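Enquirer: One structure follows; several queries about it will come next.
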Amino acid sequence: MGSAHAATPQAAICTSDQPGLADKLSEDINAALDGSTATTAISLHDRTTNTTCTLDADRTFDSASTVKVTVLGTLLWDAQKDGRALTQEEKDRATAMITKSDNDATTALWKQLGADKINGFLQAAGMTDTVLDGEGHWGLTQITANDEEKLLNLVTHANPVLSEDSRGYILKLTSEVIPSQRWGTPAGAPGDAQVHVKNGWLERATNGWRVHSLGAFTGGDHDYTITVLSQDNATMDDGIANIEGVARAVHRDLNAPASSAR
Numbered sequence: 053m054g055s056a057h058a059a060t061p062q063a064a065i066c067t068s069d070q071p072g073l074a075d076k077l078s079e080d081i082n083a084a085l086d087g088s089t090a091t092t093a094i095s096l097h098d099r100t101t102n103t104t105c106t107l108d109a110d111r112t113f114d115s116a117s118t119v120k121v122t123v124l125g126t127l128l129w130d131a132q133k134d135g136r137a138l139t140q141e142e143k144d145r146a147t148a149m150i151t152k153s154d155n156d157a158t159t160a161l162w163k164q165l166g167a168d169k170i171n172g173f174l175q176a177a178g179m180t181d182t183v184l185d186g187e188g189h190w191g192l193t194q195i196t197a198n199d200e201e202k203l204l205n206l207v208t209h210a211n212p213v214l215s216e217d218s219r220g221y222i223l224k225l226t227s228e229v230i231p232s233q234r235w236g237t238p239a240g241a242p243g244d245a246q247v248h249v250k251n252g253w254l255e256r257a258t259n260g261w262r263v264h265s266l267g268a269f270t271g272g273d274h275d276y277t278i279t280v281l282s283q284d285n286a287t288m289d290d291g292i293a294n295i296e297g298v299a300r301a302v303h304r305d306l307n308a309p310a311s312s313a314r
C-alpha cells in the first residue's frame, strides 16, 4: 500500500558483537518502515553490545529544530574556551531553546555565536557533513544522521570537545523537554532508562514535512543513542508514527535477553 513509491528503498545495515542482534535489528527496522512513503535516514549506536545500524545515514536534511543541540554545544564549547560559566540570560535562553524548542531564544543565541563559532564547533566535533544555511536560517542547516550521532556520542561520553559539566548540562536539558515534545525516539524506551530527546519538525513546499528525532538513553545498563531523520511525510503525525515505529523496534531488540536475538 504505497510501498511501490517508498522513498527509502535501502535496507538498514547493522553490526553487533552480540550474536544474532544485527540481523534481528535489520529485519525489524526494515519491517517498521515497510509501506512508508517517507525518506528516512537512521543512525544508532549501542555501546553495551557494540551495535550500530545505519540507513541512508549520509543523506542531508533540513535540520529544523534538531540543530538546537548543536547551538547549545557551540555555546558551551565557546564558554569553555573562554574559561567562563554561562550567564543567566544564556541559561534562560538555552533552557527555553531545548525544553520548549523556543525559536526566539534560538535565534538570539545563533546571532550571538555567529557562523564562525558554530562552524568551529562542528569541526571540533567531526561533524564534517553539516552545512550552515548561506542566508543564516538556522532551521535550514543541512544535517545527516551520521553527524547527529557524532553529536550524541559527544554528549554522552567523555571527550576533549565538551567538558563533563557541559555534557551534563546538555543531558539535563534534553531530559526536561516538555511532554508534548517527547515523541519520536523515546517511544518504547525501557522504564528504567533516562530519556534525553530533541526533536525537529518543519513543513516546506517541497518534500513535505521534515520530522526528526534525536534520542539518548542512559542509566541502568542502557548506553545507546538513536537518530532518525525524515522528509516527504504527508503530515507531521505521519512522520512521528514513522519514527516511533522504528524506535519501538530498536528499544525492543536492544533490551531483549541475548538468547532471544535470532
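All letters in the sequence shown, in the order written, are residues 53 to 314 by the numbering used here.
All residues carry an ideal CB built from backbone N, CA and C; glycine is no exception.
Since we're looking at a predicted model, the values are computed, not measured.
Whole angstroms is fine: what's the gap from tryptophan 129's alpha carbon to valine 263's?
Expert: Here the alpha carbon of tryptophan 129 sits roughly 27 angstroms from the alpha carbon of valine 263.
Enquirer: DSSP state of valine 213, grouped into three classes?
Expert: The answer is coil: DSSP assigns valine 213 none of H, G, I, E or B.
Enquirer: Output the boundary residues of the alpha helix (DSSP H) element that contains glutamine 175.
Expert: Note, glutamine 175: alpha helix (DSSP H), 155-176.
Enquirer: For aspartate 114, which of helix, strand or coil comes out of DSSP?
Expert: strand
Enquirer: Straight-line CA distance for serine 227 to threonine 258?
Expert: 33 angstroms
Enquirer: What did DSSP end up calling serine 95 once you bin it into helix, strand or coil?
Expert: When secondary structure is reduced to three states using DSSP, serine 95 falls in the strand class.
Enquirer: Do you know whose CA, among Val121, Gly297, Asp273, Thr193, lies nearest serine 218's CA?
Expert: Val121
Enquirer: In or out: lysine 163 buried (at least 16 other Cβ within 10 Å) or exposed?
Expert: exposed
Enquirer: When we look at the beta-carbon of isoleucine 195 and count the other beta-carbons within 10 Å, is it buried (16 or more) or exposed?
Expert: buried
Enquirer: With 16 as the cutoff for other CB atoms within 10 Å, does isoleucine 222 come out buried or exposed?
Expert: Buried, by the Cβ-count rule.
Enquirer: Distance check for arginine 136 and arginine 145, CA to CA, integer angstroms please.
Expert: 17 angstroms
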